[in-house]
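**Student:** Quick note: to get my numbering, add 1324 to the position in the sequence shown (first position is 1). Take a look at this one; I'll ask things after.
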Amino acid sequence: MSDTQIKEWFRRFKDGRVSVDSDLRSDRPSTSKTALFPKLKHPLKGKRFDNVEEIKRNVTRELLAITKKDFQDSFRKWVHR
1325 MSDTQIKEWF RRFKDGRVSV DSDLRSDRPS TSKTALFPKL KHPLKGKRFD NVEEIKRNVT
1385 RELLAITKKD FQDSFRKWVH R
């Protein structure tokens, strides 16, 4: 745990917090956990890029590899929530 996180938790307990359990959140999941995110992330994970242009090329290539059906399914699920 970083010093910043330790200081944040110290402040929370000093302000009266009595539990380390996570706060309740809305039912809506994080947008980064949609079905499309892993399809973009996994092929790029662990790779090193020399410059921003190389990152753009690789991300664009992976985005173009995601099928139209995958996009449609993801948006359908997103709208359904």
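Don't be surprised by glycine CBs; every beta carbon is placed ideally from N, CA and C.
1) Excluding the 5 residues flanking Lys1369 on each side, which residues of the same chain have their C-beta closer than 8 angstroms to its C-beta?
2) Measuring CA to CA, which of Leu1360, Val1376, Asn1375 is closest to Leu1388?
3) Leaving out the 5 sequence neighbours to the left and right, which residues in its chain are closer than 8 angstroms to Asp1397 when beta-carbon positions are compared?
4) Indicate the three-state DSSP secondary structure (helix, strand or coil) for Lys1363 in the structure shown.
5) Under 8 angstroms between the Cβ atoms of Asp1394 and Lys1363?
6) For the alpha helix (DSSP H) holding Arg1311, just list the boundary residues, first then last.
**Tutor:** Reading off the structure:
1) Numbered from 1 along the sequence shown, position 45 holds the residue referred to as residue 1369. Within the same chain, Lys1369 has no close Cβ partners at all.
2) In the sequence shown, counting from the first residue as 1, residue 1388 sits at position 64. Measuring from the Cα of Leu1388, the nearest candidate turns out to be Leu1360.
3) Along the sequence shown, one-based indexing puts residue 1397 at 73. So the list reads Ala1359, once near-sequence residues are dropped.
4) The count along the sequence shown starts at 1 and reaches residue 1363 at position 39. In this structure, Lys1363 counts as helix in the three-state DSSP scheme.
5) Counting from one through the sequence shown, the residue named residue 1394 turns up at place 70. Counting from one through the sequence shown, the residue named residue 1363 turns up at place 39. Cβ atoms of Asp1394 and Lys1363: closer than 8 angstroms.
6) Residue 1311 lies beyond the stretch modelled for the chain, which goes from 1325 to 1405, so this question has no answer here.
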